[in-house]
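One structure is given here, and the rest of the page talks about it.
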Amino acid sequence: MMEKLIITAAICGAEVTKENSPAVPYTVEEMVREAKSAYDAGAAVIHVHVRWDDGTPTQDRERFRVVLDAIKAACPGVILIPSTGGATGMTPEERLQPTELFPEMATLDCGTCNFGDDIFVNDMPTMRAFGQRMIENHIKPEYECFEIGHLDTILNMAKKGLVPGAPMQFNFVLGVSGCTPATVGNLNYLVKQIPSGSTWTVTGIGRSAWDMAAAGIVMGGNVRVGFEDNIYLGKGHKAASNGELVAKVVRLSKELGREIANPGEARRILSLA
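With the sequence shown counted from 1, adding 1198 to any position gets you our numbering.
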């Protein structure tokens, strides 16, 4: 029998703007609004990037502190996963700032890749530094894999003790322009490579969001949706909130016979409890 489904909401990212959708949050109040809409709809996990009020992406530690504390107050028990990816072009030192707040989880990107017109740089020295910081600060990483080779890299690092090891949580981000395409075959290959006892989430970018959500549900994984990844409920129909995107996953999962994990259940499944 499958575990209950953990839904993660990636509420804003670093790339999408209010020009794409006026509901994309920038301010602290907007971040809380979107996080609560997702939480109320069924998300047990909120993946957090932060912006300045004008929409500029930042990894500023104090901005993260304010946003994370405000979301915690509005969403009791929620699991927060701050980003250490930041935005393309940021230095490793900038990107690591949220780890100074000792979150229970944070993302760790598993390799360099083309990212649209940009290059998202995660060389080995960077990944070793991020892994060491998470070991020292007792942070459970969510390993972000945009390419098939990223998984091999991070598994080798885990074997050498360079990053936190078992039980590992992976997020397979598929469909980014220039990275591994979002297909069920590619997802199935990745899932078959992870160590026994690991957990995994799938994120489909853009038009692949709902195909990947359905695949994650029926394959026994977990699902991430949100404005960071996709702003559409369907063709030509923009979501009014992150909560609407989460609610669609809830409907899909229930129709397919899989229950939704609350934050306490998600914490147990992710070995945080």
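Even for Gly, the Cβ is constructed at its ideal location relative to N, Cα and C.
Taking only three categories from DSSP, how would you classify residue i?
| i | result |
| --- | --- |
| R1456 | coil |
| A1221 | coil |
| I1429 | coil |
| P1280 | strand |
| W1398 | strand |
| T1215 | coil |
| E1463 | helix |
| H1504 | This structure gives no information on residue 1504, because the portion of the chain shown stretches from 1199 to 1471. |
| T1206 | strand |
| T1254 | coil |
| V1423 | strand |
| E1342 | strand |
Please identify the residue among the options whose C-alpha is closest to the C-alpha of residue i.
| i | options | result |
| --- | --- | --- |
| A1221 | N1440, A1459 and G1462 | N1440 |
| P1461 | I1352, I1244, F1262 and P1223 | I1244 |
| M1325 | K1446, I1352 and E1334 | I1352 |
| L1349 | E1302, H1247, F1368 and D1427 | F1368 |
| L1346 | R1293, C1308 and F1328 | At residue 1346 the sequence reads Ile, which differs from the Leu that was named. Among R1293, C1308 and F1328, the Cα nearest to that of I1346 is on C1308. |
| A1411 | E1340, K1452, S1235 and V1230 | K1452 |
| P1379 | K1433, F1344 and A1356 | F1344 |
| P1290 | P1323, E1442, L1385 and M1200 | P1323 |
| T1401 | A1304, V1421, N1384 and V1416 | V1421 |
| L1203 | L1372, P1301, L1266 and T1397 | T1397 |
| T1297 | P1274, A1268, K1216 and A1327 | A1327 |
| L1470 | I1337, E1201 and L1266 | I1337 |
| G1418 | K1433, N1386, D1252 and G1434 | N1386 |
| F1300 | M1332, M1229, L1360 and R1466 | M1332 |
| M1272 | G1283, E1228 and G1373 | For the sequence presented, residue 1272 should be read as Ala rather than Met. The shortest C-alpha separation from A1272 is found at E1228. |
| E1340 | E1302, A1241, K1357 and G1359 | E1302 |
| T1399 | A1242, D1238 and E1217 | A1242 |
| E1201 | G1432, K1433, G1434 and G1395 | G1395 |
| E1225 | M1199, T1254 and E1217 | One detail in the question is off: residue 1225 reads as Thr in this sequence, not Glu. Looking at the Cα atoms, T1254 is the closest of the given residues. |
Just to confirm before moving on: does the CB-CB distance between residue i and residue j stay below 9 Å?
| i | j | result |
| --- | --- | --- |
| V1264 | K1270 | no |
| V1423 | A1407 | yes |
| S1295 | D1321 | Per the sequence shown, the amino acid found at residue 1295 is Gln instead of Ser. Result no, Cβ atoms of Q1295 and D1321 do not sit closer than 9 Å. |
| I1149 | I1429 | Since the first and last residues shown for the chain are 1199 and 1471, residue 1149 lies out of range. |
| V1382 | E1342 | no |
| R1249 | P1223 | yes |
| S1219 | K1446 | no |
| H1247 | G1287 | no |
Nearest-angstrom Cα distance between residue i and residue j?
| i | j | result |
| --- | --- | --- |
| L1468 | D1409 | 24 Å |
| V1375 | F1318 | One point to set straight first is that residue 1375 is Ser, not Val, in the sequence displayed. Each residue's Cα considered, the two are about 12 Å apart. |
| I1403 | N1335 | 31 Å |
| P1362 | G1211 | 24 Å |
| T1305 | A1208 | 12 Å |
| A1233 | L1443 | 12 Å |
| R1449 | G1455 | 10 Å |
| T1256 | I1392 | 32 Å |
| T1310 | D1316 | 11 Å |
| I1415 | P1365 | 21 Å |
| E1213 | A1285 | 8 Å |
| T1215 | E1426 | 9 Å |
| R1405 | N1312 | 19 Å |
| N1354 | Q1330 | 15 Å |
| A1438 | A1236 | 12 Å |
| D1252 | R1231 | 17 Å |
| L1266 | R1465 | 17 Å |
| P1280 | R1293 | 10 Å |
Any beta carbon of chain B sitting closer than 9 Å to that of residue i?
| i | result |
| --- | --- |
| Y1430 | Structure shown: chain B not included; a single protein chain is present. |
Mind listing, in chain order, the continuous alpha helix (DSSP H) runs of no fewer than 4 residues lying wholly within the stretch 1261 to 1337?
1290 to 1293 and 1322 to 1334
Runs of 4 residues minimum, wholly inside the stretch 1345 to 1405: which ones carry the alpha helix (DSSP H) assignment?
1346 to 1357 and 1382 to 1391
Quick check for students: name the residue ranges of the alpha helix (DSSP H) that lie wholly in the stretch 1221 to 1248, counting only runs of 4 or more.
1226 to 1239
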